[in-house]
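As structure tokens, the structure follows; a few thoughts come after it.
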Amino acid sequence: MKFSMDFRRLINQDNNIVQLILMTILIFIVMTALSPDKFLRYYNFESITYIFPELGLLSIAMMIAMLTGGIDLSVIGIANLSGILAGILFKKFADEAGVADTGLSVVMLGAIVALGTGIVAGALNGFLITRVRITPILATLGTGQVFTGLAIVLTGGPAIVGFPDAWAFIGNGKIFGVATPLVLFVVIASLIAFILTRTTFGMNLMLIGTNPKAALFAGLKREKMVIYSYMMTGVLASVAGIILSGRTNAAKSDYGTSYLLQAVLIAVLGGTNPAGGRGTVLGISIAVIALMLLSSGFQILRFSNHLIDFIWGAFLLLVIALNAYKGRSR
Amino acid sequence: MTGNKMAWLRKSEVVIAGILLLAMILIGLVNPAFWQMDNLFGLLRSNVIIGIMALGVLLVMISGGIDVSFPAFAVAAMYLTIKGMLYFDYNGVFLPFVAAATMGALLGSLNAFFVYKFRMIPLIVTLGTASMVRGFLLGVVGTSIININKMPDVLIDFAKTDVITLTRADGGTSGLTAMVVVYLVLAALLHFVLRHTMIGRGVYALGGDAEAASRAGFDLRKVIFFIYCVAGALAGFAGLLHSSMIWLANPRDFVGMELDVIAAVVLGGASIFGGRGSVIGTMLGVFMLVMVKNSLIIMKIDTTWQRVAVGVIIVIATAITAWRDNRAKA
């Protein structure tokens with residue numbers, strides 16, 4: 001009896017960070033128990049630090065769109081298009097020495113092109129959502145098709161293979177023994193967390209999501225804020241695209257399509273309210289790590305990828321049920 | 331009020347039909363082969379599967395939701411039914427279609443349960459159920475394609491039925507598949523239910539304002555279960571019909587189809603805010619989408635542009651709908 005009371009209070013706690021950490025520990029313990037020798041290997045954790053940042057950034061991108069009650073279904077399209085545009089640029093600039101030795105200045109240019117793609121794509125989404133007033137789901141569904149479609153047109157279908165060494169460093173390298181993607185993730189996530197919680201812009205975004213009418217009466221420039229938030233989402237998707245193309249040394253129009261569901265799942269799991277107004281970078285970060293542990297654990301147990309898809313879906317529904325239970329008992 | 335609204339709806343369908351006619355004339359001018367009976371019959375044939383699925387999506391959209399799980403349901407119902415037919419060595423047509431539709435309806439009730447019970451955004455619920463169903467099908471049931479040599483002959487023969495057969499100038503014949511009639515009958519049924527039954531009006535009421543619908547005496551649970559079960563049943567039915575028409579059962583079929591179907595429904599004038607949309611409009615939207623996709627080939631435009639075209643169509647169609655909605659509100 002006493003236990004159940006405590007348990008209830010624990011779930012009811014407003015910040016679900018504690019709950020998320022508990023879940024992560026639980027997954028960790030279960031996976032360790034199921035296959036101790038393989039799961040606990042250093043290599044396993046190291047490979048997670050290379051793989052999770054892409055997904056983490058996409059999830060944060062998704063969360064930002066959800067803060068204003070929207071959603072961004074075009075993030076994968078943006079990520080792939082960014083990688084492909086950069087790849088085409090490198091092919092154009094490559095001299096006889098080959099793409100691998102492309103100079104640092106060209107690589108910088110490539111990064112600017114990729115990030116620019118995200119900004120423009122995000123601005124387009126924001127424009128369609130605020131000015132043309134298309135619902136976020138449909139606007140980004142449509143633009144996602146356009147971005148993916150452009151990626152197919154540009155590549156003709158097959159992958160663009162071969163990126164400069166400096167570009168590959170972003171996805172594969174190490175900085176002081178730590179995976180570059182991880183370093184990038186920590187820096188960017190901290191920056192976003194700072195923007196969302198410590199700046200007027202971030203506060204305004206939250207307010208718009210919680211109560212659009214009050215925000216309007218408070219004199220917030222809603223349209224501008226929402227456009228900026230989708231641009232932020234777009235840039236984050238581009239960074240994910242850069243890491244993905246750097247890690248795999250290739251860019252293709254249909255890479256990472258399974259990331260879309262996972263990004264939504266992680267955003268919801270990380271405590272984001274899809275109706276707007278609530279969401280933290282820390283929650284997302286823990287959720288993505290938890291799910292990565294889960295996924296790698298199942299892979300070690302030799303579950304097929306399809307079954308892992310099944311588990312992701314089931315997990316999403318479970319989280320919905322759990323959140324609803326929490327909301328009701330409050 | 332009702333008369334007023336009906337007249338208005340009719341007008342918006344007239345507009346869609348007008349645009350459709352204009353597009354047909356334009357495509358015919360570029361390539362007169364468009365008007366050949368063969369091509370027109372082919373076009374109508376391509377309408378059947380997307381059309382039946384679109385009827386289900388229309389239902390969900392009128393109620394203010396969005397469904398991305400129907401392709402997964404369709405493929406699961408199709409594959410399981412055909413597996414079952416092979417296992418029991420069953421030779422019939424009627425029962426398998428009932429089985430596929432029932433399976434679809436059962437899966438749909440899962441969506442309904444989460445949407446009703448936990449008040450979760452349908453998009454996120456259906457993302458989850460789609461991932462679960464596909465993961466289960468491919469991970470547990472199997473990934474192998476059932477080819478023509480194993481497909482039940484009764485299904486193939488059934489789908490081969492023509493309603494009209496014309497003799498071409500070169501002596502060959504071209505026929506219009508009877509499946510078009512199946513599609514028309516289903517559409518007429520849904521039209522009747524939406525317009526003239528209490529539950530159909532409930533779907534519109536739910537989409538207009540859930541709270542108001544509930545106070546007006548509609549049993550929301552009944553309405554929501556009706557919507558998602560019927561949508562699922564239509565998807566399951568369409569799935570089996572599809573495999574009968576193409577003579578094989580592929581458990582990886584229908585990937586990405588949700589976008590086309592949603593685009594078609596939006597094109598047909600349904601509003602994602604709910605409360606608006608009609609069967610006739612949807613059928614016109616489906617015809618438009620299929621025609622544009624098919625005609626890219628006839629107009630000798632590279633097929634890599636298909637995705638871009640679909641995306642642009644979604645954006646333009648939703649922009650027009652949004653503009654219309656805003657004008658109606660003002």
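In the order they appear, the protein sequences are chains Y and X.
If you're matching positions, the first sequence starts at 1 in the numbering used here and goes up one per residue.
If you're matching positions, the second sequence starts at 331 in the numbering used here and goes up one per residue.
Cβ coordinates follow ideal geometry from the N, Cα and C atoms, glycine included.
Being a predicted model, the structure only gives us computed values, none of them experimental.
By the CB criterion at 8 Å, Y:Gly156 and Y:Thr210 fall outside the cutoff. One Cα belongs to Y:Thr280, the other to Y:Leu191, and the distance between them is close to 12 Å. With a contact defined as Cβ atoms closer than 8 Å, Y:Leu141 and X:Ile644 qualify at about 6 Å. Non-local beta-carbon contacts of Y:Phe298 in its own chain, meaning distances under 8 Å to residues more than five positions away in sequence, involve Leu307, Ile308, Ile311 in chain order.
In the DSSP annotation of this structure, X:Ile494 is not part of any alpha helix (DSSP H); the continuous beta strand (DSSP E) holding it starts and ends at 492-497.
Pairing Y:Leu322 with Y:Arg133, the inter-Cα distance amounts to about 33 Å.
When CB distances to chain Y are screened at a threshold of 9 Å, the residues of the region 442-462 of chain X falling below it are Phe444, Lys447, Phe448, Arg449, Met450, Ile451, Leu453, Ile454, Val455, Leu457, Gly458, Thr459, Ala460, Ser461, Met462, in chain order. As a beta-bridge residue in DSSP terms, Y:Ala179 pairs with Y:Lys174. The C-beta distance from X:Val553 to X:Val533 rounds to 6 Å, short enough to fall under 8 Å. Of all residues in the region 621-651 of chain X, only Asp632, Thr634, Trp635, Gln636, Arg637, Val638, Ala639, Val640, Gly641, Val642, Ile643, Ile644, Val645, Ile646, Ala647, Thr648, Ala649, Thr651 come within less than 9 Å of chain Y when Cβ atoms are compared, listed by chain position.
X:Ser504 sits in a strand when the DSSP states are folded into three classes. Scanning chain X for C-beta atoms nearer than 7 Å to the C-beta of Y:Gln145 yields Leu589, Arg637, Val640, Gly641, Ile644, reported in chain order. Note on Y:Lys252: 16 or more other CB atoms within 10 angstroms of its CB, so buried under the neighbour-count rule.
Among the residues facing chain Y, X:Arg498 is not included, as its CB has no counterpart in that chain under 8 Å away.
Put simply, the CB of X:Phe466 is near chain Y, with a gap under 8 Å to one of its CB atoms. Y:Ile286 sits in a helix when the DSSP states are folded into three classes. Look at X:Asn421: its C-beta is not under 8 Å from any C-beta on chain Y. The beta carbon of X:Thr432 is closer than 8 Å to those of Ala563, Gly566 in its chain, skipping five residues each way along the sequence. Taking 8 Å as the cut-off, the beta carbon of X:Phe403 is found closer than this to the beta carbon of X:Gly438. Proximity of the region 225-240 of chain Y to the region 108-126 of chain Y meets the contact definition, three or more beta-carbon pairs being nearer than 8 Å. Counting along the chain, no alpha helix (DSSP H) covers X:Asn580, and no H or E run does either. Y:Ala251 is bridged by DSSP to Y:Ile160. Using a C-beta cut-off of 8 Å, the region 627-634 of chain X makes contact with the region 354-362 of chain X, since at least three inter-stretch Cβ pairs fall below that distance. Close to Y:Leu81, with beta-carbon spacing below 8 Å, lies no residue of chain X; the smallest spacing is near 11 Å. Secondary structure at X:Ile631: coil, using DSSP grouped into helix, strand and coil. Y:Ser295 is outside the set of residues whose beta carbon lies under 8 Å from a beta carbon in chain X.
Residue nearest to X:Ile576 within the set X:Tyr420, X:Met354, X:Met509, X:Glu343 is X:Met509 (criterion: CA-CA distance). Scanning Y:Gly241, Y:Thr49, Y:Ser296, Y:Val30 for the CA closest to the CA of Y:Ala179 turns up Y:Thr49. Annotated three-state conformation of X:Ile557 is helix, per DSSP. For X:Ile476, the three-state secondary structure derived from DSSP is strand. X:Ser544 carries a helical assignment under DSSP once its states are collapsed to helix, strand and coil. At a beta-carbon threshold of 7 Å, the residues of chain Y lying near X:Asn656 are Arg133, ordered along the chain. Y:Ile284 is a Cβ neighbour of Y:Ala267, given a cutoff of 8 Å.
When DSSP states are grouped into helix, strand and coil, X:Arg551 belongs to the helix group. At the C-beta level, Y:Gly118 and Y:Ser35 stay beyond 8 Å of one another. A direct Cα-Cα distance of roughly 50 Å separates Y:Ile51 from X:Gly422.
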